[in-house]
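Worksheet: the structure to be examined is printed underneath.
Protein chains: 2
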Amino acid sequence: MVENSTFNFSPIAVARTPYKEKFAIPRQPGLVTAAKGKVEFLSPYNNPEMLRDIEQHSHLWLLFIFHGTAGQGWKPLIKAPRLGGNQKTGVLASRSTFRPNPVGMSVVKFDGVETHGKKTCLLISGMDLMDGTPIIDIKPYIPYSDALTEATSEFAPQAQQHDIDVSFAEQALAALSKVANARELKELIFQVLKQDPRPAYKKKDTSWQEYGMALDSYNIRWKISDTTCVVIDISPN
Amino acid sequence: MVENSTFNFSPIAVARTPYKEKFAIPRQPGLVTAAKGKVEFLSPYNNPEMLRDIEQHSHLWLLFIFHGTAGQGWKPLIKAPRLGGNQKTGVLASRSTFRPNPVGMSVVKFDGVETHGKKTCLLISGMDLMDGTPIIDIKPYIPYSDALTEATSEFAPQAQQHDIDVSFAEQALAALSKVANARELKELIFQVLKQDPRPAYKKKDTSWQEYGMALDSYNIRWKISDTTCVVIDISPN
Numbered sequence: 021m022v023e024n025s026t027f028n029f030s031p032i033a034v035a036r037t038p039y040k041e042k043f044a045i046p047r048q049p050g051l052v053t054a055a056k057g058k059v060e061f062l063s064p065y066n067n068p069e070m071l072r073d074i075e076q077h078s079h080l081w082l083l084f085i086f087h088g089t090a091g092q093g094w095k096p097l098i099k100a101p102r103l104g105g106n107q108k109t110g111v112l113a114s115r116s117t118f119r120p121n122p123v124g125m126s127v128v129k130f131d132g133v134e135t136h137g138k139k140t141c142l143l144i145s146g147m148d149l150m151d152g153t154p155i156i157d158i159k160p161y162i163p164y165s166d167a168l169t170e171a172t173s174e175f176a177p178q179a180q181q182h183d184i185d186v187s188f189a190e191q192a193l194a195a196l197s198k199v200a201n202a203r204e205l206k207e208l209i210f211q212v213l214k215q216d217p218r219p220a221y222k223k224k225d226t227s228w229q230e231y232g233m234a235l236d237s238y239n240i241r242w243k244i245s246d247t248t249c250v251v252i253d254i255s256p257n
Numbered sequence: 021m022v023e024n025s026t027f028n029f030s031p032i033a034v035a036r037t038p039y040k041e042k043f044a045i046p047r048q049p050g051l052v053t054a055a056k057g058k059v060e061f062l063s064p065y066n067n068p069e070m071l072r073d074i075e076q077h078s079h080l081w082l083l084f085i086f087h088g089t090a091g092q093g094w095k096p097l098i099k100a101p102r103l104g105g106n107q108k109t110g111v112l113a114s115r116s117t118f119r120p121n122p123v124g125m126s127v128v129k130f131d132g133v134e135t136h137g138k139k140t141c142l143l144i145s146g147m148d149l150m151d152g153t154p155i156i157d158i159k160p161y162i163p164y165s166d167a168l169t170e171a172t173s174e175f176a177p178q179a180q181q182h183d184i185d186v187s188f189a190e191q192a193l194a195a196l197s198k199v200a201n202a203r204e205l206k207e208l209i210f211q212v213l214k215q216d217p218r219p220a221y222k223k224k225d226t227s228w229q230e231y232g233m234a235l236d237s238y239n240i241r242w243k244i245s246d247t248t249c250v251v252i253d254i255s256p257n
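Rendered as structure tokens:
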């Protein structure tokens, strides 16, 4: 009987992304296009034949395990960040990570296949995945069946716009000038902070509060008051 | 290490659909809108709180197990029906059911929540799932992040149109007249056969070949030659 069965999944790959911690990961894919990463295949799935013709698709679905929160279990009701974190919504009416089966799906831009010796990787961008996320499946995005223009969602009709004004202090610019990929890193920091990663209840805070995050191989520190954000330091971690 | 971990998933629900066998299931969701069914929750997930606010979404993603084919394993290359079944494509560049982890994702129209005593069901339509499919997760379809109008797919740019001319023979119409939901059943049969469920290599066959399928609680028999299809019998099974 289906009721009593369990299904065992093994990761076929691991995501490598600039997001080293849960804080500051965008809440949906596609918001931070400057986030570039890879999908590294694991043995015995490290076989380029599995990817034949994949370049015919511009976008891919990744099915993955919410490994950062999977140990914390799930609840029937969750607090939706979109509703300020106070109102509760059914877990299956949300994309919360605290699900009965902690599996996520996320669409990413497909940028190419890379081979290092015997290792095969997919190059991807715009992902909202934590570094090290186990991938259990990859499927092409098929526009005619996946892009439902007639679908509606009262709960989340559009992406949230935070209109955060992001600037870089002198110390941060000096640190950037010593980085090989300065332009890319600056754009990544800019796009991530533009999303305003603060918890919803902090967003009206007008005192200058300081935050930090590990992004790519750097520690980023910034100060934010209401909608004005200043990057104050960038240091290797 | 991620490499050596396995993840155990338990079904939270089971799909109840008119498709009693793999043959004749549409190849994508949304093609047969007359297919109506249910998602029946299993204990301990039979809790209506999990569904609070779900009516704010017009469509839902179902993540499920390809239970009909999961026992048959997987291969790195699969024969794509779209390419006539002769050319081979990488399994991860396809939506084939024979995947390393046999998990599927499918979008369905959400028609409401139904409660029978303590049993909770989601009413759905347009699904491409076999009856009895184990569901491991349900997520709302979020148009702004899921409906990628810029995505492209050379492999499958649009739904295949078979332009099959479907008619009903006298014996089939007589059988239909005795059925309580005759109009709905006729429309379902019509939409399913319009998809031309024959294997690709048979589609140019001009001899009148007979086929049968179990659909809803009936056995349907039809004859087809090239693009002309006649339903010859409908009997309870």
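Chains as they are written, first to last, in the working numbering: chain A, 21 to 257; chain B, 21 to 257.
Think of the CB as a built atom: it goes at the ideal place given N, C-alpha and C, for glycine as much as any other residue.
Taking DSSP as the reference, what is the three-state secondary structure of A/Q48?
Mapped onto the first sequence, residue 48 of chain A falls at position 28. Three-state DSSP puts A/Q48 in coil, outside helix and strand.
Since B/F29 and A/T26 should fall inside the 8 Å C-beta cutoff, what is the C-beta to C-beta distance between them, to a whole number of angstroms?
In the second sequence, the residue the question calls residue 29 of chain B occupies position 9. In the first sequence, the residue the question calls residue 26 of chain A occupies position 6. That belief holds up - the Cβ atoms of B/F29 and A/T26 are roughly 7 Å apart, short of 8 Å.
When DSSP labels each residue in this structure, what does A/Q229 get in the three-state scheme?
For this step, residue 229 of chain A is matched to residue 209 along the first sequence. DSSP, read as helix, strand or coil, puts A/Q229 in strand.
By DSSP, does A/M125 sit in helix, in strand, or in coil?
The residue you call residue 125 of chain A lines up with position 105 of the first sequence. The answer is strand: DSSP assigns A/M125 an E or B state.
Let me confirm a value: A/T248 is counted as buried when at least 16 other C-beta atoms fall within 10 Å, else exposed. Which label applies?
By one-based count along the first sequence, residue 248 of chain A stands at place 228. By the neighbour-count rule (16 or more Cβ atoms within 10 Å), A/T248 is not buried but exposed.
Counting only beta-carbon atoms, is A/N66 nearer than 8 Å to chain B?
Within the first sequence, numbered from 1, the residue matching residue 66 of chain A stands at position 46. It does not: the Cβ of A/N66 has no partner Cβ on chain B nearer than 8 Å.
Please list, in chain order, the chain A residues whose beta carbon lies closer than 8 Å to that of B/W81.
Your numbering for residue 81 of chain B matches position 61 in the second sequence. Ordered by position in chain A, the residues that pass the 8 Å Cβ test against B/W81 are M125.
Under 7 Å Cβ-Cβ, which residues of chain A neighbour B/A167?
Walking along the second sequence from the start, residue 167 of chain B turns up at place 147. What B/A167 touches in chain A: A167, L168, T169, A171.
To the nearest angstrom, report how far apart B/S225 and B/D246 are at their CA atoms.
Here residue 225 of chain B corresponds to residue number 205 of the second sequence, with the count starting at 1. Here residue 246 of chain B corresponds to residue number 226 of the second sequence, with the count starting at 1. Correcting the residue identity first, residue 225 of chain B is Asp in this sequence and not Ser. If you take the alpha carbons of B/D225 and B/D246, they lie about 5 Å apart.
Compute the Euclidean distance between the alpha carbons of B/L83 and B/D157, then round it to the nearest angstrom.
As a working note, residue 83 of chain B is residue 63 in the second sequence. As a working note, residue 157 of chain B is residue 137 in the second sequence. Going by the C-alpha atoms only, they are around 5 Å apart.
Quick check: the segment 144-164 of chain A against the segment 76-96 of chain A, are there 3 or more CB pairs under 8 Å?
Taking 8 Å as the limit for Cβ pairs, the verdict is that the segment 76-96 of chain A does touch the segment 144-164 of chain A.
Measure from the alpha carbon of A/S116 to the alpha carbon of each residue in A/L97, A/A33, A/V133, A/V212, then state which is nearest.
The residue given as residue 116 of chain A occupies position 96 in the first sequence. Considering only alpha carbons, the answer is A/L97.
Against B/G295, what residues of chain A qualify as contacts under a CB-to-CB distance less than 8 Å, listed in chain order?
Chain B is shown from 21 up to 257; residue 295 of chain B falls before or after that span and cannot be answered.
What is the residue span of the beta strand (DSSP E) that A/A35 lies within?
As a position in the first sequence, residue 35 of chain A is number 15, starting the count at 1. Its beta strand (DSSP E) spans residues 33-36.
Closer than 7 Å by beta-carbon distance: list the chain B residues that pair up with A/V111, in chain order.
In the first sequence, counting from the first residue as 1, residue 111 of chain A sits at position 91. The contacting residues are M70.
Assign B/F86 to one of three DSSP states: helix, strand, or coil.
Here residue 86 of chain B is taken as the residue at index 66 of the second sequence, counted from 1. DSSP places B/F86 in the coil class of the three-state scheme, outside both helix and strand.
Does B/K56 come within less than 8 Å of chain A when only Cβ atoms are used?
Residue mapping note: residue 56 of chain B aligns to position 36 of the second sequence, counting from 1. Output row for B/K56: interface = no.
With burial defined as no fewer than 16 other Cβ atoms inside 10 Å of the residue's Cβ, what is the status of A/P46: buried or exposed?
Position 26 of the first sequence, counting from 1, holds the residue named residue 46 of chain A. It is buried - the Cβ of A/P46 has at least 16 other Cβ atoms within 10 Å.
Selection from A/Q180, A/Y65, A/Q107 that minimises the alpha carbon distance to B/R119:
Reading the second sequence from its first residue, position 99 is the one you call residue 119 of chain B. Considering only alpha carbons, the answer is A/Y65.
Could you tell me which residues DSSP pairs with B/D166 in its beta bridges?
What you label residue 166 of chain B is simply residue 146 of the second sequence in a count that begins at 1. Bridge partners of B/D166: none, in fact.
Examine chain A for any beta-carbon lying closer than 8 Å to the beta-carbon of B/Y39, and answer yes or no.
Within the second sequence, residue 39 of chain B is the residue found at index 19, counting from 1. False, the Cβ-Cβ gap to chain A never drops below 8 Å.
Where B/R203 falls, given that 16 or more other Cβ within 10 Å makes a residue buried
As a first step, residue 203 of chain B is located in the second sequence; it is residue number 183 there, counting from the start. Exposed, because fewer than 16 other Cβ atoms sit within 10 Å of the Cβ of B/R203.
Does the distance from the CB of B/V133 to the CB of A/V34 come in under 8 Å?
Taking the second sequence and counting its residues from 1, one reaches residue 133 of chain B at position 113. Taking the first sequence and counting its residues from 1, one reaches residue 34 of chain A at position 14. Taking 8 Å as the Cβ cut-off, B/V133 and A/V34 do not qualify as a contacting pair.
Please classify A/I74: does DSSP put it in a helix, a strand, or coil?
Taking the first residue of the first sequence as 1, we reach residue 74 of chain A at position 54. Correct three-state label for A/I74: helix.
Helix, strand or coil for B/D132, going by three-state DSSP, please let me know.
Within the second sequence, numbered from 1, the residue matching residue 132 of chain B stands at position 112. Residue 132 of chain B is actually Gly in this sequence, not Asp. Correct three-state label for B/G132: strand.
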